[in-house]
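Novice: Protein chains in written order, with the working numbering: chain A, 1444 to 1618; chain B, 3 to 206.
We put the CB at the ideal spot given by N, CA and C, even for glycine.
Bear in mind that the values here come from a model prediction, so they are computed numbers and not experimental data.
Before we start, here is the structure in question, set down as structure tokens.
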């Protein structure tokens, strides 16, 4: 219970960082949930994020697991409201005024300016994830293979995640 | 992201377009619940288009692309931003709430129980081994998303400078995401400031 205000603060803040997608907030999520608040370890965060890629819907729903760990059902609910509240409100307001914004010359500049930043933040999030997930030659090979497969073929990524679990059991389980 | 720096929206279709066939809040909730429960493996946009445009005809393709452009320009996830915009378009704020609740509920419930399971069995050797593989795949997934996004939205060589500075700032210099977002975002926005030719309106 006493962690609720901290959960609220952290995920309200993370919400505003999700420019170009949820992954942009990942480096900060690591700092705040792992290093500052010790709600979970970095490997646990990496695992939850990765498993979350198999879940349907918005791809950051792994935040629910963090909220649940810290404060049960209430924690899970607080985290979802905090993480999606600010951006949803902003989207609602901007969506209604978009016609007026369309004529504002700086809107194009803002979109053009934020494009490289959002790709950069996505990659920064990816590198943070890789620090925990790519631990040797085998895992590096899996990551590169997935990248090449996805760039080459149209395949449902959830199937690749499933394949990763099977490969993981076959190669990394103690004999 | 596809609309970054692309052609500007030509204006949204009026709210009254959907008033001919009133959609109630429950229908909005159920449709987004279905999308939220079936959109496995990311790519929610395709599921949204299929459900909202092709199946329900709540939006035409033009309105869908316009709303998607707004979603992608703002912070937040595409899927939840779209739920808010479409819900609001159809039934105002209650519609927006119904949309986002439906979108988040299935995946949220799943991750609620996955989290409990992982906390109890996460240190089992088989689970650890499987997760090692899954995490490596996740890195590949995000990299692929980044490459595809970069191909679509990066047009100028200066974009790669902004991109590099952002990555170095976060990963090497350990600046906060917020710091890099605000500073690089601001510099890049000014870099792409409106030119005189654009004064009359964005270029066609």
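#1: Please name the residues in the stretch 1506-1530 of chain A whose beta-carbon is closer than 7 Å to at least one beta-carbon of chain B, in chain order.
#2: Do you know offhand how far residue 1585 (chain A)'s Cα is from residue 142 (chain B)'s?
#3: Please state whether the Cβ-Cβ distance between residue 1582 (chain A) and residue 1588 (chain A) is less than 8 Å.
#4: Should residue 1533 (chain A) be flagged as near chain B, meaning a C-beta pair shorter than 8 Å?
#5: Tell me whether residue 192 (chain B) sits in a helix, a strand or coil according to DSSP, three-state version.
#6: Mind listing the chain A neighbours of residue 149 (chain B)? Cutoff is C-beta to C-beta under 8 Å, in chain order.
#7: With H, G and I counted as helix, E and B as strand and the rest as coil, what does DSSP make of residue 77 (chain B)?
#8: Chain B beta carbons: is any one of them nearer than 8 Å to that of residue 1484 (chain A)?
#9: Thinking just about the alpha-carbon of each residue, which of A:1593, A:1470, A:1482, A:1614 is nearest to the one in residue 1445 (chain A)?
#10: May I ask you to report which of helix, strand or coil DSSP gives residue 141 (chain B)?
#11: For the alpha helix (DSSP H) that residue 1492 (chain A) lies in, which residues bound it at each end?
#12: Answer with yes or no whether the minimum CB distance from residue 1573 (chain A) to chain B is below 8 Å.
#13: What does residue 60 (chain B) touch in chain A if you count any residue whose Cβ is under 7 Å from its own?
#14: Using only alpha-carbon positions, find the residue among A:1523, A:1569, A:1469, A:1498 that is nearest to residue 1451 (chain A).
#15: Can you give the Cα-Cα distance for residue 42 (chain B) and residue 79 (chain B), rounded to whole angstroms?
#16: Could you please give me the residues that DSSP links to residue 1462 (chain A) through a beta bridge?
#17: Step through the CB atoms of chain A and report whether any lies within less than 8 Å of the CB of residue 96 (chain B).
#18: Does the count of Cβ pairs from the stretch 1605-1612 of chain A and the stretch 159-172 of chain B closer than 8 Å reach three?
#19: Please compile the residues from chain A whose C-beta is within a distance smaller than 8 Å of the C-beta of residue 156 (chain B).
#20: For residue 1538 (chain A), tell me which candidate among B:88, B:25, B:102 has the shortest Cα-Cα distance.
Specialist: According to the structure shown:
#1: 1507, 1508, 1511, 1512, 1519, 1523, 1527, 1530
#2: 8 Å
#3: no
#4: yes
#5: helix
#6: 1590, 1594
#7: strand
#8: no
#9: A:1482
#10: helix
#11: 1485-1495
#12: yes
#13: Within 7 Å Cβ-Cβ: nothing; residue 60 (chain B) doesn't reach chain A, min ~15 Å.
#14: A:1523
#15: 15 Å
#16: B:77
#17: no
#18: no
#19: 1558, 1559, 1562
#20: B:88
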